Structure formats: C-alpha cells, structure tokens
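Peer 1: Got a structure for you, questions after.
There are 2 protein chains.
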Amino acid sequence: MGFATNEKLRAMITGKNLIGYSLSGKSNKIFTGQGGSVKEINVVFHEADAEEIHQAVTKANAAFNIYRHFSSERKIAFLENIALKLAASKDSIIKITAQETLLSLNRLEGEMQRTINQVKLFANLLKEGSWVNAIIDTANPDRLPLPKPDIRQMQIAIGVVGVFGASNFPFAFSVAGGDTVSALAASCTVVYKAHPGHPATSELVGNIIIDAAKETEMPEGIFSLLQSASHESGINLVEHPLIKAIAFTGSFAGGKALYNAASKRDEPIPVYAEMGSINPVFILPEIIAQNSSALADKLAASNTLSAGQFCTNPGVIISLESKKTDEFLSHFASDITNASAECMLTDKIWKGYYTGIEKLSAMADVEIMTSNLKEEKENVAVPYMFKTPASVFLQNDELLEEVFGPSSVHVIAGNKNDLFAIAEKLQGQLTVSVWGTDNDLTNYHDLLKILELKAGRIICNGVPTGVEVTHAMVHGGPYPATTDSRTTSVGTNAIYRFTRAVCYQSYPQNLLPGALQNENPLKILRKVNGEFTRESIS
Amino acid sequence: MGFATNEKLRAMITGKNLIGYSLSGKSNKIFTGQGGSVKEINVVFHEADAEEIHQAVTKANAAFNIYRHFSSERKIAFLENIALKLAASKDSIIKITAQETLLSLNRLEGEMQRTINQVKLFANLLKEGSWVNAIIDTANPDRLPLPKPDIRQMQIAIGVVGVFGASNFPFAFSVAGGDTVSALAASCTVVYKAHPGHPATSELVGNIIIDAAKETEMPEGIFSLLQSASHESGINLVEHPLIKAIAFTGSFAGGKALYNAASKRDEPIPVYAEMGSINPVFILPEIIAQNSSALADKLAASNTLSAGQFCTNPGVIISLESKKTDEFLSHFASDITNASAECMLTDKIWKGYYTGIEKLSAMADVEIMTSNLKEEKENVAVPYMFKTPASVFLQNDELLEEVFGPSSVHVIAGNKNDLFAIAEKLQGQLTVSVWGTDNDLTNYHDLLKILELKAGRIICNGVPTGVEVTHAMVHGGPYPATTDSRTTSVGTNAIYRFTRAVCYQSYPQNLLPGALQNENPLKILRKVNGEFTRESIS
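Just so you know, the protein sequences line up as chains C and U, in that order. The opening position of the first sequence corresponds to residue 98 in this note's numbering, with each subsequent residue numbered one higher. The opening position of the second sequence corresponds to residue 98 in this note's numbering, with each subsequent residue numbered one higher.
Here it is, written out as structure tokens:
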C-alpha cells in the first residue's frame with residue numbers, strides 16, 4: 098500500500114494551514130506527522146503561528162455573523178454536501194490515513210462511515226428543527242398587579258468554536274467529526290486544530306469541508322484548519338478573545354491545560370474536554386459462575402481492540418474472589434496473550450503506554466498476570482494484565498489513572514462491601530459496565546445507584562467500547578472524565594455545547610426568529626404556556 | 098413598626114447556624130446584620146466555622162443519596178409544604194425583613210408572593226414530569242455490521258449545591274428563592290450561605306424549609322443554613338470536595354472570586370454566578386420624537402425603583418442627538434430629582450454607590466445632569482444622572498462597569514454608526530432593551546441582531562426591571578453578566594444547572610427509572626427513536 102496509487106491525492110497535501118479559503122504556511126517551524134509511516138508521506142507541515150491563528154479566528158467571527166442568519170435549509174445543504182464529498186473521497190483518503198495511523202483499513206472504513214452518518218444525523222436534526230427548544234409564554238395584559246409581557250426563548254449559537262482533534266479517531270473525533278459538525282449545526286463557525294498524529298488526513302478532510310462550503314456559498318472563514326505539533330499554538334487559540342468555546346478529545350493533561358487557560362481568560366469560556374477514563378467493569382457473582390470464559394472473551398476483545406486505543410477501553414475489571422473468577426482471569430490472560438499485538442498511533446502514545454505499564458509493574462501487591470510476553474518491538478503495544486486485591490485498589494490513587502492502551506487491572510473483591518467501597522472510590526468515568534444475571538442486577542441495584550453518579554453511560558452486560566451515534570447517547574461524565582459533566586460529545590445533544598438560551602420580550606412578530614413566531618412556520622415542537630405543542634398560536 | 102408585635106417571632110431568631118436539624122454556633126466570630134435597623138433586632142449571629150461547613154456538607158451528601166431516590170410525589174409534597182408555610186408566616190416575616198432591609202412592605206409583599214409562586218412553579222414542573230428530557234433509542238439486534246444496543250437518557254441530579262443568597266432580594270433570590278428551590282426540585286440537596294444583610298430573615302425562612310422537611314419526612318441535611326459575614330467561609334464552602342455546584346447572585350467581585358476558587362479545585366465544579374450588568378437601553382429616533390416625556394417617565398421610574406437596587410436596573414441609556422433627546426433628558430432629570438431618595442440595603446452597598454458616583458463625576462467629558470441634589474443623608478441614595486458623547490463611551494471601559502443604585506449614564510450618539518459601535522462594544526448583559534416604533538425596529542433590525550448576542554434577554558419597548566418567573570425567562574447572559582451564559586437563574590430551566598444527562602445502555606426494564614421504562618408510567622413527553630411522544634413503547 099504505497100503512495101503510487103495515490104499520487105494525485107498526495108499532491109494535494111501542501112502541509113499548509115487552511116485559513117478560510119487561503120493556504121498559509123508563514124512559520125519556519127515545521128514538523129512531520131508523528132504517526133505511522135510518515136517517511137512515505139514525505140510532507141512537512143507548517144506550524145500555525147500567532148498571526149495565522151488570529152487570521153483564522155477573525156475570519157471565523159466575520160463568517161459567524163453571516164452564517165448564523167442563514168436559513169436551516171442552507172445549513173443543511175452545507176452539511177449534506179460535506180457528507181457527500183466524504184463519501185466520494187473516502188476510499189482514497191482512508192489509504193493515506195492507514196499510513197498515518199497504522200489503523201486497519203477495515204477499522205478506518207467503519208469509522209469513516211460512522212463519521213458520514215454523524216454528519217447526516219446533524220443535518221436531520223436541523224431538518225426536524227425542534228432542537229432549538231422554543232419556549233413561549235404569551236402576554237396577559239389583564240394580569241394584576243402588573244400586566245404579563247410576552248416572553249419567548251430559544252437556543253442561539255455562541256460564536257467561534259475552537260476544536261482540537263483526537264489522535265485515536267482520525268475521522269469521527271477529528272476534522273469532520275462530531276465536535277466540528279455539532280458546532281456547525283449549531284450555527285457556530287469553527288477553527289480546527291489538527292492532531293499532529295495525522296496531519297495529512299486532516300488537510301484532506303479539511304479541504305473537503307472547505308470545498309463543500311464554497312459549493313454551498315458559505316462565508317469564507319466558516320471553517321479553518323491549523324496544523325500544529327506544539328502546545329503553544331493550542332493555548333494561543335484558547336486565549337483568543339473571539340473564541341467562545343473549546344471542544345477537545347484527548348489526554349487528561351492536554352484537556353486540563355486548555356481548561357486552565359480558558360478559565361484564566363479575561364472572559365472565561367467553556368471547555369468541553371473529553372479526557373478519557375478507566376471505564377470500570379463490575380462482574381457480579383452469578384454471571385461469572387455461569388459464564389466465565391465467554392465473558393473473558395468479550396472483555397479481552399474489547400480491551401485489546403485497536404491496541405486498546407479507545408477512551409472507553411475497559412481498564413479496570415472488578416470481580417468477587419472465587420474459583421470461577423480465577424477461571425475468568427486465566428481465560429482472559431490466555432485471550433490477551435493470543436491477541437495480535439498491534440502498532441500504536443504515535444511514538445508518544447506508545448512510550449506513554451509503556452510508562453504506564455512500568456508504573457503498574459513496579460507497584461507493591463500488583464501482580465502481572467501475563468507471563469508469556471511477546472518480544473517487544475518499537476511502536477507495538479503488547480497487551481498487559483494485572484491483578485490486585487480490593488484493599489490495594491482502595492488505598493492507591495494511582496490505580497485510578499488511565500493507561501492508554503491494551504492494559505487491564507483486575508481488582509479482586511473479598512466481599513460485597515468491597516464492591517461498594519470500590520464503587521464509592523471511583524472518580525468520574527465516561528462509562529461504567531456491570532455484568533450480571535437478572536438476579537445479580539436486582540441484588541446489586543444499590544451498587545448501580547452508586548455507579549450512575551460516577552459515569553456518563555452505565556451499561557448492563559455490554560462492553561464499553563463502541564459508542565452509538567444516536568439521540569440518547571451520553572459520551573461524557575463527571576470530572577475527570579470530562580471538564581463539563583452536563584454535556585456529551587457524541588449524539589445529537591452535543592449541539593447544546595455551542596448554544597445558549599436567549600429570550601425575546603415583547604418582540605414584534607415580524608422580527609422574531611421563525612421558531613418563535615405565532616404561526617409556527619417551521620412546524621416544530623414548542624412549549625407554549627407550559628404545554629408541548631406543534632400548533633400555531635392564535 | 099417595632100418588635101413589640103413580633104416578640105414571638107423575634108424569640109425564634111437564635112443567631113445560630115442551621116446544620117441539618119441542629120442549631121450550631123461554635124465560632125466566637127460573631128456579627129450583627131449589616132442592613133437596616135439592626136439595633137432593634139439585637140441578635141448576634143455566629144459565623145459558620147470550617148467544622149460547621151463540613152458538617153453541613155456531609156449531612157447534605159448523605160441526604161442526597163436518600164432524597165434523590167424519593168418519588169416525585171414526595172418531592173412535590175416537600176416543595177408545596179414550603180410554599181404553604183411561607184404563606185402562613187409571610188406577614189410576620191415581612192415585618193422583620195422590612196427592618197433588616199429597609200425595603201417597603203409593599204415591595205416585600207410582592208416579592209414574597211413571587212417567591213411562593215416560584216416554589217409552586219417548580220412543584221408543578223415536577224408534576225408534569227417531562228423536564229427530565231427522557232430520550233430513548235431502542236435496540237436493533239439485526240443491524241449490521243453490529244447489533245444496535247438499547248440506549249436511554251435522562252437528567253439526574255448532580256449532588257450537593259452551595260447557594261449564596263443575594264442582598265437585594267431577601268426572599269426571591271435568598272433562602273427559599275429560585276436557586277434553592279430549583280436545586281431541591283432537581284433532587285439536589287442544599288447548603289445555603291445567608292447574606293449578612295438579612296441574617297434574621299434568613300434564619301426564619303431557613304426554619305420554614307427545615308420544618309417543611311421534617312413534616313414531609315425528608316432526610317436530615319437536605320437543607321442547611323450557614324450564617325456568615327466573611328469571604329473566607331464562602332470560599333471554604335466552594336472548596337469542599339462534596340459540593341458539586343455553586344449558585345450565586347451578587348457583585349462581579351464576589352461571583353468571580355467564587356468562580357476562581359471553583360476552577361482551581363482538584364475537581365472543578367460549575368459556578369452559576371449572576372453578577373449584574375449595566376442593562377443598556379437603546380432609544381430609536383422615531384419613538385423619542387413621538388414620546389419623549391412618557392418614555393422618560395417609564396425609564397426614570399425603572400431606574401430609581403427600590404433605590405435602583407436591581408441587577409436589571411437600566412444603567413446606560415443610549416439615544417441619538419436631537420432636540421427631542423434633549424427634551425427626554427431634561428424630563429428624565431426632573432423625574433429623578435423629584436423621585437423620593439430611598440435608603441439602601443446595607444452600609445457597604447451605600448458606600449459602593451457613592452464610590453461609583455464619585456468615579457463618574459470625576460471623569461472628563463462626563464457631565465452630571467442633576468444639579469438640584471437633595472441633601473445627602475447616611476444610607477440614602479440620591480439618584481444621579483450623567484451624560485456623555487458616544488466617543489467617550491467608546492473609549493472608556495470604566496463606563497461599562499455597573500454602578501449599583503439609582504444612577505444612569507446617558508450616551509448621546511451622533512449617528513446610526515455610533516449606535517452600532519456602542520452595541521458592538523458592549524460586554525455580556527442580563528438584559529438589553531430597545532425602544533422604537535415598528536418602523537424604528539424594522540429599520541434597526543441589524544442592531545437587534547448584534548444586541549441578541551450580548552444579552553440573556555432582549556426587550557422591545559419595555560423596562561428591564563421586573564423579571565417574570567416563567568418557562569421562557571432567561572435571567573442570565575454572556576460574561577461578565579454571569580459565569581455561565583448557557584443557563585438561567587429564573588424560570589423553570591434554572592433546574593438544569595443542577596442536573597446532568599446519564600444514559601443507561603441495555604438496562605433491564607425493572608431497574609430503569611420510571612421516566613425511561615417502556616410503558617411510560619409517568620406519561621411524560623419523551624423522544625423515542627427521534628420522535629416526540631407520550632406513547633408507551635411496545
């Protein structure tokens with residue numbers, strides 16, 4: 098899979114920043130992609146400098162004041178055009194992405210399709226239209242002691258959004274991923290900071306958004322793409338006064354640095370950082386007795402999938418001490434020993450994985466369970482598995498930290514009280530999973546009640562990897578899983594990260610947005626004087 | 098209006114903290130109320146110390162884990178009991194509040210009724226039930242390449258909320274005010290820090306909540322009240338690890354200090370600080386030509402109401418240079434000169450008002466418009482009025498700062514461009530008002546479009562004072578009006594400050610909350626597979 102087949106596409110990769118509709122590479126600070134076979138791609142990328150960041154944000158702000166007044170139809174046409182162009186180019190892009198990320202073609206095809214579906218989901222949300230949460234309380238001039246004014250509320254866009262792409266999802270959480278698309282659907286404009294793990298893919302997908310914007314006559318600046326391998330430019334973007342919100346998917350250190358910078362601004366802004374978690378899995382006694390080997394197969398497969406490089410990777414698995422738990426552990430050990438060791442996304446991620454493994458290996462009373470380790474090769478993540486008693490987990494906060502990769506810590510609880518103590522000790526998580534028979538789940542309902550306070554998503558008898566892109570999804574959770582537990586970065590409700598409510602008091606009908614006019618021209622669901630209705634107001 | 102008529106009530110004021118169902122006054126640090134005729138009340142209040150704060154929060158957290166599982170019916174009964182007890186005691190409480198705040202009985206009666214209505218509004222929101230935003234996406238086991246799991250989302254409470262009472266609304270934004278009641282409605286528990294301007298009122302209303310809690314068998318700790326006249330105890334409350342959100346109404350300095358403390362915690366938490374604003378009023382040319390004196394009467398009345406001590410007080414009034422504007426100004430000047438000068442809430446607020454007035458008076462090219470100033474008395478706020486050209490306003494950021502009290506700055510725009518430049522320069526506001534004829538508003542539609550980005554509420558031909566407690570109200574706005582523009586502190590949507598979405602994946606029906614069960618036992622509106630419906634799921 099060389100570049101021979103992709104010469105045309107490769108020639109499109111300039112290594113420059115996409116500032117509105119212009120290419121720009123002013124900085125002498127250049128870098129090559131951090132991931133995969135970067136030598137084959139043979140392009141240097143220009144780090145966005147402060148001036149380019151300012152240009153991108155300024156253009157985005159000017160575009161915002163045009164774009165936000167466009168009809169939904171025009172915004173839908175833009176989003177659908179992005180989806181169409183992604184579909185038309187996906188086969189060739191995926192080949193380059195595979196070189197950059199070393200992810201399998203199969204995985205990348207699935208992720209690209211998910212990304213296209215995600216764009217369409219937001220286009221459909223705009224078509225239906227009720228997402229603006231129109232709330233109308235009509236006037237009552239006869240009320241005493243004072244007349245009641247007419248008040249009408251809806252969600253409006255907040256302005257320019259800075260989006261930071263993730264390393265591990267080059268499509269779904271990157272350039273045309275959920276953050277960008279939910280912000281555009283909200284009528285915000287986007288300045289996107291590409292992840293240095295896949296800058297070539299980023300430029301190609303960025304060009305697709307820009308081509309779609311041109312074709313559907315969007316204002317220049319609606320989308321810009323900055324290349325960067327430094328923390329500095331990211332902080333510069335957060336600190337720009339015209340940026341009104343930040344979306345980020347990545348490490349705790351990265352997300353927290355952006356949060357800190359944003360909260361110190363003259364005007365603090367929201368940061369939606371999804372920073373991963375250990376995604377604890379509780380296995381209850383009856384199910385492990387019935388099913389230990391099938392359960393081990395499912396969880397080991399989830400743990401080692403794509404070299405464990407998922408925010409929802411099950412990193413801590415908790416079960417009660419028993420003979421069946423021993424069987425589960427040995428089966429899990431055999432599964433991960435036989436799993437093919439895969440390359441990681443970047444050198445930095447690979448080194449981070451082994452730093453985590455060394456830390457766990459060095460801990461007292463944390464036992465390595467996998468003895469037949471394969472010979473280790475550069476960039477290859479060999480799956481690891483550790484075991485520790487509940488008492489050690491409860492006393493050692495380092496075991497609450499994520500090790501990004503195919504690693505798992507198995508915590509053995511002596512009794513039911515241990516399970517509850519572990520649940521209480523957990524920090525905020527993206528997911529918590531509980532495996533149990535109907536009896537188990539009923540017997541441990543109080544455990545579930547503790548766990549629902551700890552996570553954005555709580556799963557019965559399922560693996561945490563695999564995040565449905567749908568209305569009901571919550572991909573979020575209490576800190577430190579995210580910096581804003583009230584939001585989700587996946588699913589249609591992701592749009593509300595980029596809007597706020599405004600209310601119009603005693604406005605003339607003709608100046609109200611369509612969503613709030615008496616005749617309900619958009620036929621959306623509204624809350625009128627406390628009742629949900631699609632009717633017009635007489 | 099002495100205490101003779103209120104001996105019984107007065108005897109109930111212990112000056113202690115209400116920690117769950119216990120009285121506590123451990124600290125030697127004592128204070129007397131900062132407002133009104135505190136000598137008559139003759140009670141010293143015990144500053145809550147670190148241990149008492151810890152006790153209150155710990156009790157609140159234990160109560161949270163019980164209360165949140167109660168049925169809506171039980172929560173409604175608790176809220177309705179608060180409303181009933183407020184109504185039963187209001188006449189006697191108001192007499193003491195009038196002594197503490199020097200607000201008129203008439204005003205306090207109106208505010209108390211509003212507070213009672215507000216409690217009932219949240220009880221009714223729980224009765225209707227749809228506020229939990231239930232979203233259900235059912236499973237599809239046949240989907241390829243992978244089966245689609247069942248995913249169900251709803252809002253759940255986040256935990257213990259710290260509420261800081263306001264000085265200027267001893268009922269509606271204080272102990273049983275919108276913050277406390279929306280938090281309790283959300284199933285959170287509350288630790289309330291009383292404002293030192295009305296500690297006696299606070300204890301009386303706090304006891305009403307506690308009596309209602311006991312009578313409806315709520316868990317001890319559901320509500321605690323801390324007395325404090327120091328910043329230190331407020332920061333201690335924000336920094337307690339079991340506190341999950343803060344609600345505050347008050348000054349910019351106060352709100353920002355809490356925001357900073359919260360964002361530096363090990364686990365940052367949301368701070369909903371409503372910090373006031375200058376509430377600009379734009380007067381368009383046709384309406385001022387038609388109606389300058391009536392307009393002056395309305396705005397002057399709004400500006401001087403209750404000594405101007407409203408977050409929504411119109412502090413900056415912008416109009417176009419004209420003969421009619423001169424008439425408006427002289428009429429406004431005469432109105433405020435004839436307005437009765439009222440006492441302010443506290444000595445600190447009164448001194449703050451005159452500091453602001455002195456600052457404005459000393460500014461170059463800012464002209465004092467009211468010459469016949471009444472003799473100034475301690476604690477009395479004489480209304481002031483200033484005039485300045487647009488050019489000075491545009492160059493001087495100090496004119497963007499709120500002067501809390503009956504002060505107004507009249508900005509004279511030379512032309513339409515000035516109006517637009519002023520609109521662009523504005524920071525975030527709770528409200529912006531625009532007065533205009535139909536022609537005016539249509540001609541200046543682009544101005545309205547700028548202004549809606551600056552405020553939580555935008556009003557046509559109305560005064561900003563008077564905040565309806567209703568579904569559509571937004572009492573909030575971009576920073577620095579608040580620290581979280583996505584929320585409101587008035588109206589039913591205030592509840593969402595204290596909730597977050599959680600999703601349940603592949604949960605057994607019997608363990609799902611009622612709101613998410615197939616048969617829809619609560620008969621609420623839900624979004625099922627993308628469609629809004631009250632139907633059950635077959």
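Built from N, CA and C at the ideal position, the CB exists for glycine as well. Everything numeric in this text was worked out from a predicted model, so none of it was measured.
Answer yes or no: does any C-beta atom of chain U fall closer than 9 Å to that of VAL216(C)?
Peer 2: Chain U, which has no Cβ nearer than 9 Å to the Cβ of VAL216(C), makes this no.
Peer 1: How about VAL506(C) and LEU516(C): are their beta carbons less than 9 Å apart?
Peer 2: Cβ distance not < 9 Å, so VAL506(C) and LEU516(C) don't count as in contact.
Peer 1: For GLY132(U), list the residues DSSP reports as bridge partners.
Peer 2: Paired residues: THR443(U).
Peer 1: On a CA-only basis, which of LYS474(U), ASN435(U), THR212(U), VAL529(U) is nearest SER279(U)? Give me that one, please.
Peer 2: The candidate whose alpha carbon is nearest that of SER279(U) is THR212(U).
Peer 1: What in chain C is Cβ-close to THR585(U), meaning under 9 Å?
Peer 2: Under the 9 Å cutoff, chain C gives GLN250, ALA598, CYS600.
Peer 1: Can you tell which of TYR576(U), GLY533(U), SER189(U), PHE261(U) has the C-alpha that lies nearest to the C-alpha of SER603(C)?
Peer 2: Comparing Cα-Cα distances from SER603(C) to each of TYR576(U), GLY533(U), SER189(U), PHE261(U), the minimum goes to GLY533(U).
Peer 1: So, does the region 192-203 of chain C touch the region 214-223 of chain C, judging by three or more C-beta pairs under 8 Å?
Peer 2: Counting Cβ pairs under 8 Å, fewer than three are found: no touch.
Peer 1: DSSP on ILE163(U), reduced to helix/strand/coil?
Peer 2: Here ILE163(U) sits in helix by DSSP.
Peer 1: Compare the C-beta of ARG554(C) with all C-beta atoms of chain A and state if any pair is closer than 9 Å.
Peer 2: In the structure shown, chain A does not exist; the protein chains are C and U.
Peer 1: Between the region 538-555 of chain C and the region 586-604 of chain C, can you find at least three pairs of beta-carbon atoms closer than 8 Å?
Peer 2: These segments do not touch.
Peer 1: Between PRO316(U) and ARG594(U), is the Cβ-Cβ spacing less than 9 Å?
Peer 2: No, they are not a contact pair.
Peer 1: Beta-carbon separation of ALA231(U) and LEU608(U) under 9 Å?
Peer 2: No.
Peer 1: Any beta-carbon of chain U closer than 9 Å to the one on ALA520(C)?
Peer 2: Chain U contact via Cβ: absent.
Peer 1: Looking at the unbroken beta strand (DSSP E) that takes in SER416(C), where does it start and where does it end?
Peer 2: Where SER416(C) is concerned, the enclosing beta strand (DSSP E) stretches over 413-417.
Peer 1: Assuming GLY117(U) and LYS156(U) are in contact, meaning their beta carbons sit under 8 Å apart, how far apart are those beta carbons, in whole angstroms?
Peer 2: About 4 Å; that satisfies the 8 Å criterion.
Peer 1: Roughly how many whole angstroms lie between the Cα atoms of ILE138(C) and ARG107(C)?
Peer 2: When rounded, the distance between both Cα atoms is 8 Å.
Peer 1: Does the CB of GLY351(U) have a neighbour CB from chain C at under 9 Å?
Peer 2: No, GLY351(U) does not count as interfacial toward chain C.
Peer 1: Quick check on GLY559(C) - is its C-beta less than 9 Å from some C-beta in chain U?
Peer 2: It does; some Cβ of chain U falls within 9 Å.
Peer 1: Quick check on TYR450(U): does DSSP put it in helix, strand or coil?
Peer 2: The answer is helix: DSSP assigns TYR450(U) an H, G or I state.
Peer 1: Measuring only the C-alpha atoms, how far is THR129(U) from VAL141(U)?
Peer 2: Roughly 5 Å between the two C-alpha positions.
Peer 1: Under 8 Å: do the region 293-301 of chain U and the region 241-261 of chain U share three or more Cβ pairs, one atom per stretch?
Peer 2: Short answer: they don't touch.
Peer 1: In terms of alpha-carbon separation, which member of GLN406(U), LYS445(U), GLU149(U) lies closest to SER637(U)?
Peer 2: With chain U covering 98 to 635 only, the question about residue 637(U) has no answer from this structure.
Peer 1: Exposed or buried, ILE110(C), counting other C-beta atoms within 10 Å across all chains shown (16 or more means buried)?
Peer 2: Under this definition ILE110(C) is a buried residue.
Peer 1: With a threshold of 6 Å on Cβ separation, who are the neighbours of ASP276(U) within its own chain once the five nearest residues in sequence on each side are excluded?
Peer 2: Correct list, in chain order: VAL260, ALA344.
Peer 1: Kindly indicate which three-state DSSP category GLU464(U) falls into: helix, strand or coil?
Peer 2: Looking at GLU464(U) - three-state DSSP - the assignment turns out to be strand.
Peer 1: Could you tell me which of GLU418(U), TYR576(U), GLU364(U), CYS408(U) sits nearest to LEU673(U), measuring between CA atoms?
Peer 2: This structure gives no information on residue 673(U), because the portion of chain U shown stretches from 98 to 635.
Peer 1: Just mark ASP494(U) as buried or exposed, buried being the case when its beta carbon has 16 or more other beta carbons within 10 Å.
Peer 2: ASP494(U) is exposed by the Cβ-count criterion.
Peer 1: What is the DSSP secondary structure of PHE142(C), reduced to helix, strand or coil?
Peer 2: Three-state result, PHE142(C): strand.
Peer 1: Within a Cβ cutoff of 8 Å, which residues of the same chain sit near GLU144(U), ignoring the five residues on either side of it in sequence?
Peer 2: Cβ within range, chain order: SER124, LYS126, ILE127, PHE128, GLN324, SER325, ALA326, SER327, SER330.
Peer 1: From ALA283(U) to ASN512(C), what does the alpha carbon distance come to, in whole angstroms?
Peer 2: When rounded, the distance between both Cα atoms is 34 Å.
Peer 1: Just checking: is the beta-carbon of PRO618(C) within a distance shorter than 9 Å of some beta-carbon in chain U?
Peer 2: Cβ-Cβ to chain U under 9 Å: no for PRO618(C).
Peer 1: Using a Cβ cut-off of 9 Å (strictly closer), state whether PRO411(C) contacts chain U.
Peer 2: No, PRO411(C) lies away from the interface with chain U (no Cβ there is under 9 Å from its Cβ).
Peer 1: Can you tell me which of the three DSSP states ALA371(C) falls into?
Peer 2: A small fix is needed here, since residue 371(C) is Glu in this sequence, not Ala. Note: GLU371(C) maps to strand in three-state DSSP.
Peer 1: Identify every residue that forms a DSSP beta bridge with TYR289(U).
Peer 2: Answer by DSSP bridge pairing, in chain order: VAL260(U), LEU322(U).
Peer 1: Assuming SER348(U) and SER360(C) form a contact by the criterion Cβ under 8 Å, report the distance between their Cβ atoms to the nearest whole angstrom.
Peer 2: Between SER360(C) and SER348(U) the Cβ distance is about 19 Å, and since that is not below 8 Å, they are no contact.
Peer 1: Is PRO486(C) helix, strand or coil by DSSP?
Peer 2: PRO486(C): strand per DSSP, three-state reduction.
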